[in-house]
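K.L.:
Reading the sequence shown from the start, the letters are residues 0 to 710 in our numbering.
Structure in structure tokens, see below.
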Amino acid sequence: MTKLLSTTCLTAPPRVLHLDYETYSEEDLIKAGAHKYAMHESTELLNAGWAFDDDEPVLWIPGMPCPPEIVEHVINGGMVAAWNANFERLMWQYVAGPKYGWLVPKLEQYDCIMVRAMAMNMPGKLENAAPAFGLPIRKDDVGARTMKQLCKPRKTTKKNPDRRFTREKYPEKFAILDHYVLQDVRVEQGIYKRAIRLIPSERALWLLDQKINDRGIMVDMELVEKARLIVEAEKDALNIEMQNVTDFAVLTCDAVKQIKAFIVGRGFDIKGVDKDALTNLLARDDLPPEVRRCTEIRLEAGKASVAKLDAFARRICTDGTIKGTLQFHGAKQTGRWAARGVQVQNFPRPSPDTDILLVIEDILNPLTSNREWIATMHGPPVSIISDILRGILKARPGRKLFSRDLSGIEARVLPWLAGAEDALEAFRTFDAGEGYDNYCHAAARIYNVPVEQITKAQRQVGKVAVLALGFGGGASAFASMAKIYRVDLDAIFETVWGVTTLLNREKAEDGWKSRGCKSGIRKRAWLAAEMIKLAWRDANPDIVQFWYDLENAAINAIENPGQTFKAGEYITYRKSGSFLRCKLPSGRSIFYPYARIEWITTPWGKQKKEIIFKSEDGFTRKWSEQKFYGGFGSENVTQAVARDVMVVGLLAAEAGGYETLITIHDEDVAECDEALGSEEEFHELFVTPAPWAPGLPVTATGWLDERYKKE
């Protein structure tokens, strides 16, 4: 009997526990983040819904013991699946365990359904994911509204002074909440069956991601608080100046409607007062002094430093760190992490003229920690504090920070994928301390001169070409990037015209008539950009061909489900069910949901096949139809492979004792004890070659310091 039971247990498929908690807290989940929320003393469970496999969900409410089936499941190492499992994991660890006696699972027992969905390029919100997966059941909208009432303190009134709803006094509301949690479990069960599992390497990486987010990174809160006082004083001064400049038409720097009305009233039509609109306005030469200064004040007062300082203060945990700063697979098509909370991935780039360490020293010094000193000695206080935001993050006592950022990794991965050996050899030569970088080589081909004759200004043109044109970008993309890097296309037109082939001049002129004249770009500037584009494409035939190979392989895969088609040596496409899968050399895949082909008529009158798939729009976040083309595909695979290369280095460094705290695109910021490690060792670990990327030249730059910084 015992032997038979043992055999049955070994052969029976392991059960999966589906779980969803609904909670109450005086802490704000959105502002504070899941870690600080779970740790707050007021946080408690309102109910839980749970089920094994496809069973009907069961309700648990406080006062009940932890269900014995769950206790047994946890003891046996069973898996726990949840949407955004990070939240359930933290609530179980800090609330359900210590406050309600639930046996806490190990990290390895969790499976995140949301991450599975995001890895398939599906929506990251449960209410959006259910219809995207074609589920006949939906998240309960009425329950969601009730949940938002019950999960936080309520506004008191004279008639009802209660600070919160309770199950005893409001049973009808809690009945709705109980139905809501059970419905969420049903939706999660449905998605779980449809969402594929992460491949083992990605599963291991997600587990590490959870540890990274739990570690957090130390914040210099003394610096935060003193910087906030300086910013507040500066905003007060800017508000007074704004009133004086506008003759009290604008009362504060945040009065966006008043600012817009003031500018429009002076004869300058603007759609809004966002950064781009105001920056473009300042480029005009005909602005009256009061309009120019009003615009400058608004831009200064609106810098990121104000919001970032508040975010640091809101999310600081009791151990002095901010946690949960990264979302695994947040960039769905590339697999890169996305930032959460303080948004550590979009700190403003500091001015090269700012002495960051001296500014920090002055802010921390009681004698110099004031608006007047910072303004006199360093510059506009809000701008200066924006410059030092990275320095607010620092190593824990007795430890040090290491950083490595892959050098030009996308510019290396793209020719590697496309088989452009000449470009790769140029990188290898440059990495060995000889020759010239890829920007110089690009410029040499554009200007048709030997690479050693390229000037600093011409190299900048080459840089813009590399950054703007590698993924199929045209003249408009080049012109937009040229503005960022301050390349004056009008000024270089004559030179570019003189070195461009007759054929490409004719193509550029024809392009202006059919496309450029509608672009809103001046003719000389557009022609210069178009001629540079044509020269770059002539010089990079392997990359251009790679665009076509990607698109053709994807089309063939959609038209022939179940068959695999290659693009270059390392990329393959295959249509499986409703998904077009692009397999990367690392073994993971990019997914394009509900991919299909439509025939379209091009602007020049030809019929061609176009790939349509569904995804969340990068700007609106709406689930909608998107277009796949060769340049788009090349951007996806290049950024995805770059991410995978970075992960190889991150994992090697982690195994070597360097604990990752945050990642920023292709950068790893790690920490270790002062007595251990070295910058040289960290570098060697981080540039560990990816075993699946033979011949890809990889190098990195970085630093060793007590505070986070930008090289």
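Ideal Cβ positions, reconstructed from N, Cα and C, are used throughout, including at glycine.
1. Using the Cβ count rule (16 or more neighbours within 10 Å means buried), how would you classify CYS581?
2. Alpha carbon to alpha carbon, how far is PRO66 from ASP177? Give it in angstroms, no decimals.
3. Please work out which residues of its chain come closer than 8 angstroms, Cβ to Cβ, to THR428, disregarding the five sequence neighbours upstream and downstream, and give them in chain order.
4. With a 10 Å radius around its C-beta and 16 neighbouring C-beta atoms as the bar for buried, classify LYS168 as buried or exposed.
5. Determine the closest residue to GLU107 out of VAL412, ASP208 and LEU45, with distance taken between C-alpha atoms.
6. Count the other C-beta atoms from every protein chain shown that fall within 10 angstroms of the C-beta of GLN606, then say buried if there are 16 or more, exposed otherwise.
7. Using the Cβ count rule (16 or more neighbours within 10 Å means buried), how would you classify MET220?
8. Within 10 Å of its beta-carbon, does LEU416 have 16 or more other beta-carbons around it, so buried, or fewer, so exposed?
9. If we count the other Cβ atoms within 10 Å of its Cβ and call it buried at 16 or more, is MET376 buried or exposed?
10. Please confirm whether HIS34 and CYS316 have their CB atoms less than 8 angstroms apart.
11. Give me the Cα-Cα distance between ILE362 and ALA312, rounded to the nearest whole angstrom.
12. Determine the extent of the alpha helix (DSSP H) in which GLY630 is found, giving its start and end residues.
13. From which residue to which residue does the beta strand (DSSP E) around MET398 run?
14. Quick check on DSSP: helix, strand or coil for GLN342?
15. For VAL290 versus PHE327, is the C-beta spacing smaller than 8 angstroms?
16. Are the region 227-235 and the region 368-375 in contact at 8 angstroms, needing three or more beta carbon pairs?
17. Please specify which runs of the beta strand (DSSP E), each continuous and at least 3 residues long, are wholly inside the region 582-612, giving them in chain order.
18. Just the Cα atoms here: how many angstroms apart are VAL25 and VAL305?
19. If we ignore side chains and look at the alpha-carbon of each, how far apart do GLU298 and THR698 end up?
20. Any idea which residues DSSP pairs SER575 with across the strands?
21. State the beta-bridge partners of VAL668 as determined by DSSP.
22. Does HIS17 come out as helix, strand or coil in the three-state DSSP assignment?
23. Can you tell me whether DSSP reads ASP704 as helix, strand or coil?
24. Tell me which same chain residues have a C-beta within less than 7 angstroms of the C-beta of ASP52, skipping the five on either side of it?
25. In whole angstroms, give me the CA-to-CA distance for GLY96 and PHE470.
26. Look at the Cβ atom of ALA538, then the Cβ atom of ALA474, and state whether they are nearer than 8 angstroms.
27. Would DSSP call ALA566 helix, strand or coil?
28. Looking at the unbroken alpha helix (DSSP H) that takes in GLU295, where does it start and where does it end?
29. Roughly how many whole angstroms lie between the Cα atoms of LEU711 and ASN85?
30. In whole angstroms, what is the alpha-carbon distance linking GLU609 and GLN625?
31. Using CA coordinates, which residue listed in ARG642, PRO414 and GLY189 is at the minimum distance from ASP54?
32. Assuming ARG403 and GLU670 make a contact with CB atoms under 8 angstroms, what is their CB distance in whole Å?
33. Between the Cα of ILE136 and those of TYR572, GLY629 and GLN182, spot the shortest distance and give me the residue it belongs to.
34. Would LYS302 and SER385 qualify as a contact pair, given that the criterion is a beta-carbon distance under 8 angstroms?
35. Applying the criterion that 16 or more other CB atoms from any shown protein chain within 10 Å of the CB defines a buried residue, is GLY561 buried or exposed?
P.N.:
On the basis of the data shown:
1. For this step, residue 581 is matched to residue 582 along the sequence shown. Buried, because 16 or more other Cβ atoms sit within 10 Å of the Cβ of CYS581.
2. The residue given as residue 177 occupies position 178 in the sequence shown. The residue given as residue 66 occupies position 67 in the sequence shown. Near 17 angstroms, if we compare the C-alpha coordinates of PRO66 and ASP177.
3. Here residue 428 refers to the residue found at position 429 of the sequence shown. Here THR428 has GLY434 as same chain residues with Cβ atoms under 8 angstroms from its own Cβ, once five neighbours each way along the sequence are excluded.
4. Numbered from 1 along the sequence shown, position 169 holds the residue referred to as residue 168. In summary, LYS168 is exposed, with fewer than 16 beta-carbon neighbours lying within 10 Å of its beta-carbon over all protein chains present.
5. Counting from 1 along the sequence shown, the entry for residue 107 is found at position 108. For GLU107, the closest C-alpha among the options VAL412, ASP208 and LEU45 is that of ASP208.
6. On the sequence shown, residue 606 is found 607 positions in, with the first residue counted as 1. GLN606 is classed as exposed because its beta carbon has fewer than 16 other beta carbons within 10 Å across all chains shown.
7. For the purposes of this step, residue 220 is taken as the residue at position 221 of the sequence shown. Around the CB of MET220, fewer than 16 other CB atoms lie within 10 Å, so the residue is classed as exposed.
8. Locating residue 416 in the sequence shown gives position 417, where the first residue counts as 1. Result: buried.
9. The count along the sequence shown starts at 1 and reaches residue 376 at position 377. That one is exposed.
10. Within the sequence shown, residue 34 is the residue found at index 35, counting from 1. Within the sequence shown, residue 316 is the residue found at index 317, counting from 1. Yes.
11. For the purposes of this step, residue 362 is identified with residue 363 of the sequence shown, where counting begins at 1. For the purposes of this step, residue 312 is identified with residue 313 of the sequence shown, where counting begins at 1. If I take the Cα positions, the gap works out to 17 angstroms.
12. Residue 630 sits at position 631 when you count from the first residue of the sequence shown. Its alpha helix (DSSP H) spans residues 629-654.
13. Against the sequence shown, residue 398 aligns to sequence position 399. Sequence inspection shows Arg at residue 398; the Met mentioned does not correspond to that position. Looking at the DSSP string, the run of the beta strand (DSSP E) that includes ARG398 is 398-405.
14. Numbered from its first residue, the sequence shown carries residue 342 at position 343. Annotated three-state conformation of GLN342 is coil, per DSSP.
15. Translated into positions along the sequence shown, residue 290 becomes position 291. Translated into positions along the sequence shown, residue 327 becomes position 328. Note that the C-beta distance between VAL290 and PHE327 is not below 8 angstroms.
16. With the cut-off at 8 angstroms, the region 227-235 and the region 368-375 touch.
17. For the region 582-612, whole beta strand (DSSP E) runs of length 3 or above, ordered along the chain, are 588-592 and 595-600.
18. In the sequence shown, counting from the first residue as 1, residue 25 sits at position 26. In the sequence shown, counting from the first residue as 1, residue 305 sits at position 306. Checking the sequence, you will find Glu at residue 25 rather than Val. Between GLU25 and VAL305, the C-alpha separation is close to 25 angstroms.
19. One-based indexing of the sequence shown puts residue 298 at position 299. One-based indexing of the sequence shown puts residue 698 at position 699. The sequence as given places Leu at residue 298; Glu does not occur at that position. A straight-line Cα-Cα distance of about 37 angstroms links LEU298 and THR698.
20. Against the sequence shown, residue 575 aligns to sequence position 576. Its beta-bridge partners are PHE578.
21. The residue given as residue 668 occupies position 669 in the sequence shown. DSSP, once it has assigned bridges, lists SER402 and ILE661 as partnering VAL668.
22. Position 18 of the sequence shown, counted from the first residue, corresponds to residue 17. Collapsing the DSSP output to three states places HIS17 in a strand.
23. For the purposes of this step, residue 704 is identified with residue 705 of the sequence shown, where counting begins at 1. Secondary structure of ASP704 (DSSP, three-state): strand.
24. For the purposes of this step, residue 52 is taken as the residue at position 53 of the sequence shown. So the list reads ARG14 and VAL15, once near-sequence residues are dropped.
25. Position 97 of the sequence shown, counted from the start, is the residue given in the question as residue 96. Position 471 of the sequence shown, counted from the start, is the residue given in the question as residue 470. C-alpha separation (whole angstroms): 50 angstroms.
26. Here residue 538 is taken as the residue at index 539 of the sequence shown, counted from 1. Here residue 474 is taken as the residue at index 475 of the sequence shown, counted from 1. Contact: no.
27. As a first step, residue 566 is located in the sequence shown; it is residue number 567 there, counting from the start. Three-state DSSP puts ALA566 in a strand.
28. Residue numbering aside, residue 295 sits at position 296 when the sequence shown is read from its first letter. 288-300 is the span of the alpha helix (DSSP H), which, as asked, contains GLU295.
29. Here the chain comprises residues numbered 0 to 710, so residue 711 is not present and cannot be evaluated.
30. Translated into the one-based positions of the sequence shown, residue 609 becomes position 610. Translated into the one-based positions of the sequence shown, residue 625 becomes position 626. Rounded to the nearest whole angstrom, the CA to CA distance from GLU609 to GLN625 is 11 angstroms.
31. As a position in the sequence shown, residue 54 is number 55, starting the count at 1. For ASP54, the nearest C-alpha among the options comes from GLY189.
32. Working through the sequence shown from its first residue, we reach residue 403 at position 404. Working through the sequence shown from its first residue, we reach residue 670 at position 671. The pair is not a contact, with the Cβ atoms about 13 angstroms apart (cut-off 8 angstroms).
33. Working through the sequence shown from its first residue, we reach residue 136 at position 137. It is GLN182 whose Cα lies nearest to the Cα of ILE136.
34. On the sequence shown, residue 302 is found 303 positions in, with the first residue counted as 1. On the sequence shown, residue 385 is found 386 positions in, with the first residue counted as 1. A contact, by the Cβ cut-off of 8 angstroms.
35. Reading the sequence shown from its first residue, position 562 is the one you call residue 561. An exposed status is given to GLY561, since fewer than 16 other beta-carbon atoms sit within 10 Å of its beta-carbon.
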